Structure formats: structure tokens, C-alpha cells
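Have a look at the structure below before the remarks.
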Amino acid sequence: MIKFNYLLNALKGEAKESIKILQVTEDNYNKAMQFLRNKYNNREVLINALVERMDHCSLRGESIKDQRHLLEQLQAIVTQLEEKGEEVNNSWLIKKVLSKFPESLKRKVIAKKQRVAPSTPFTMSLLFQHLDEVISTEELILTYTETSPKQTMKTNKVLNNKEDFKRTCMYCRATHPSHACTQYSTPQERSTYLRKHNLCLICASPNHNTAQCRG
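Its first residue numbered 2, the sequence shown is counted upward by one per residue in this note's numbering.
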């Protein structure tokens with residue numbers, strides 16, 4: 002019964018509610034664990050949940066910060082789809098991801114694509130690279146054109162410290178985009194890292210589990 006109580010205390014939201022109907026007994030602990038494995042470790046169920054999550058991903062606003070947040074959401078979802086063995090380099094999914102962004106950003110990404118050799122496949126990884134480069138450029142421009150007195154005082158310091166413009170990797174915490182991490186380079190390694198540190202498999206948050214993620 003102690004293990005069952007620990008399990009109940011560890012769960013939240015839908016996962017917790019789904020097993021609260023079981024009486025707290027040692028036998029039911031095993032039943033609860035099997036139920037959770039069937040529900041949340043089922044490949045098809047998880048893939049459908051990830052695709053649905055992607056469908057609901059959208060910009061919260063038109064700011065560069067919102068575009069960066071959306072990119073990181075989509076990168077996390079695609080990483081999990083890869084880890085589940087899904088093919089993410091098909092043109093339908095690539096267009097779906099690109100369609101989430103504003104028209105002006107899409108045009109810049111397409112322009113970058115046109116400068117790549119025709120023989121180079123336009124993969125999801127390359128799309129994310131182009132998106133990251135465009136958004137990073139916009140973030141840099143925003144920093145240069147900031148007009149507040151506080152920002153003006155910091156301009157020289159920012160210009161001499163380019164690391165301020167880089168993103169922090171959700172896996173190794175270094176200053177590079179998460180999708181470009183070489184320490185955890187494969188979907189399997191990234192998934193293992195998230196699981197080991199009890200992070201959400203979709204957004205890497207420590208504040209909720211995968212089943213409770215709202216993107």
C-alpha cells in the first residue's frame with residue numbers, strides 16, 4: 002500500500018484521476034502500473050498524442066519571442082516522433098511545421114532553401130536550422146534597435162559578448178540551439194536524458210509529466 006500511495010502522490014492530472022478508482026492495495030498497485038504502461042507507453046497512442054499536440058501548436062503572438070517559443074515546442078515534438086521511429090522528413094510534415102510561422106518568416110526560410118544546392122535534401126533538421134537562423138537574426142536585430150535607456154546603457158557590453166545572443170540547449174545547457182546538440186545527438190539519447198531527469202518528453206519542463214503537457 003505504501004508503494005501505491007507514493008504512486009498517487011507522484012501523479013497529477015489525468016494520469017492520477019485514471020487510477021484513483023482503484024482501491025489502495027498492494028495487488029492494485031501492480032494493476033495501476035500496468036494500466037499506466039499500457040496507456041502512456043503505447044507507441045501508437047503516444048504518436049497520435051504528439052501529432053495532436055503539433056496540430057494545436059500556434060503562435061501566442063507576433064513577437065520574435067513567441068516565434069522562438071513555437072520553434073522550441075515543435076523541435077521537442079519532432080524529436081519525440083523520431084524517437085518513436087516516425088519518419089519526419091516527408092514533405093507533408095515539413096510544410097506543416099513551416100506553415101505555423103508568419104508569412105514574412107516563411108519567405109526568408111524559403112529564400113535560404115533556394116541558396117542550398119539542389120542535390121541537398123530539404124530535411125526537417127535543415128528546416129529547423131533555417132528557422133533558427135532567421136529567428137536568431139531577428140533577435141539580434143531587435144537587440145540592436147532596442148531604444149530604451151536601460152538597453153542603450155548595455156549596448157557596448159552586448160556587442161562585445163555575442164554569447165548573449167545564443168540559445169541555451171535544453172539537453173546539455175550549453176549555448177547552442179537544442180536541435181544542434183552534439184552531446185545528445187540522437188533522438189534516443191535525448192529521450193533518455195529527459196526520462197533520466199524526470200522532464201516532460203514534449204517540452205522538457207520539470208513541472209509536469211508528458212501526459213499533462215499543454216505545449
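Ideal Cβ positions, reconstructed from N, Cα and C, are used throughout, including at glycine.
Keep in mind the model is a prediction, meaning the values are calculated, not measured.
To the nearest angstrom, how far is the alpha carbon of residue i from that of residue j?
i, j, result
"Q68", "F102", "7 Å"
"C201", "Q76", "13 Å"
"S100", "F36", "37 Å"
"E140", "I65", "7 Å"
"S179", "L132", "13 Å"
"D56", "L94", "11 Å"
"E27", "K96", "50 Å"
"V117", "T146", "30 Å"
"S92", "A181", "21 Å"
"G38", "E18", "The question names Gly, but residue 38 in the sequence shown is Arg. Roughly 15 Å between the two C-alpha positions."
"A205", "T144", "27 Å"
"Q123", "C214", "Note on identity: in this sequence residue 123 is Phe, with Gln being the wrong assignment. Cα-Cα distance, rounded: 30 Å."
"R61", "S137", "18 Å"
"I142", "R196", "37 Å"
"Q130", "P119", "17 Å"
Could you give the C-beta distance for residue i and residue j, rounded to a whole number, given that I count them as a contact under 8 Å?
i, j, result
"I48", "L82", "7 Å"
CB residue i to CB residue j, shorter than 8 Å?
i, j, result
"I203", "T193", "no"
"N29", "L23", "yes"
"V135", "K114", "no"
"K85", "R54", "no"
"P207", "N199", "yes"
Among residues of its own chain, excluding the 5 on either side of residue i, which ones have a beta-carbon nearer than 7 Å to its beta-carbon?
i, result
"V89", "V79, L82, E83 and M125"
"Y185", "Y172, C173, R191 and Y194"
"E63", "P103"
"E87", "I48"
Below 6 Å CB to CB, which residues in the same chain sit around residue i once its five sequence neighbours on both sides are set aside?
i, result
"S51", "The residue you asked about is not Ser; residue 51 is Leu in the sequence shown. Same-chain partners within the cutoff: I78, Q81 and L82."
"V98", "L75"
"L128", "I95"
Less than 8 Å between C-beta atoms, sequence neighbours within five positions excluded: which residues of the same chain meet that for residue i?
i, result
"C58", "L71, Q74, L75, I78, K101 and G216"
"T121", "L127"
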